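Residue numbers (this note's numbering): 840 to 948.
By construction, the Cβ of each residue, glycine as well, lies at the ideal position given by its N, Cα and C atoms.
Since the model is a prediction, treat every value here as computed from it, not as a measurement.
Working notes, beginning with the structure itself.
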Amino acid sequence: MSGARVIKFPAKPILNLKRARELFEEERTIFSNPGGVPLVRVAELLGDKSAGYAGRLDGKKGYGTYTGMFGVGDYQCEYLTWEGFLQAVTFANVLRIAKSVSDKEAQGQ
840 MSGARVIKFP AKPILNLKRA RELFEEERTI FSNPGGVPLV RVAELLGDKS AGYAGRLDGK
900 KGYGTYTGMF GVGDYQCEYL TWEGFLQAVT FANVLRIAKS VSDKEAQGQ
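Here it is, written out as structure tokens:
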């Protein structure tokens, strides 16, 4: 890529695939096979923007590849599948990198 800048990783950890998988397994709730991480929990872990981004990926078709929903009575719990969780992690990583670059530029580095 021409014009790409070399940056150092930000202070907040970037989640690699191994850590993302571990976090998914730690947080996964069994709604059905294979379950997922509740969207509200993803927001707590990775931020509202990351959860919102991944939560919209299935679009108008509803639930499927990235998201699911399980309801009991009047309560409907939306969750991210493994694929959706990876998208949320990716979004969070990019936000962290962008913030790091912005902070460094503001400091004149």
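1. Could you say if the segment 876 to 885 and the segment 919 to 936 meet the contact criterion of at least three C-beta pairs nearer than 8 Å?
2. Over what stretch of residues does the beta strand (DSSP E) that includes Y918 continue unbroken?
3. Could you check whether A927 and S889 sit closer than 7 Å to each other, using their CB atoms as the reference points?
4. Hey, out of E864, R860, F930, L862, whose CA is closest to G894's CA?
5. If you run the structure through DSSP and keep just helix, strand and coil, what is F924?
6. Among G947, R880, L934, E944, whose alpha-carbon lies nearest the alpha-carbon of I853?
7. Put I846 into one of helix, strand or coil per three-state DSSP.
8. Considering F909, what are the terminal residues of the beta strand (DSSP E) in which it resides?
9. From Y892 to R880, what does the alpha carbon distance come to, in whole angstroms?
10. Run through DSSP, which three-state label would G874 get?
Taking the geometry as given:
1. yes
2. 914 to 919
3. yes
4. F930
5. helix
6. L934
7. Bear in mind that a pLDDT of 44 at I846, under 50, signals an unreliable position, so the number given afterwards is only what the model happens to contain. Coil.
8. 906 to 911
9. 14 Å
10. coil
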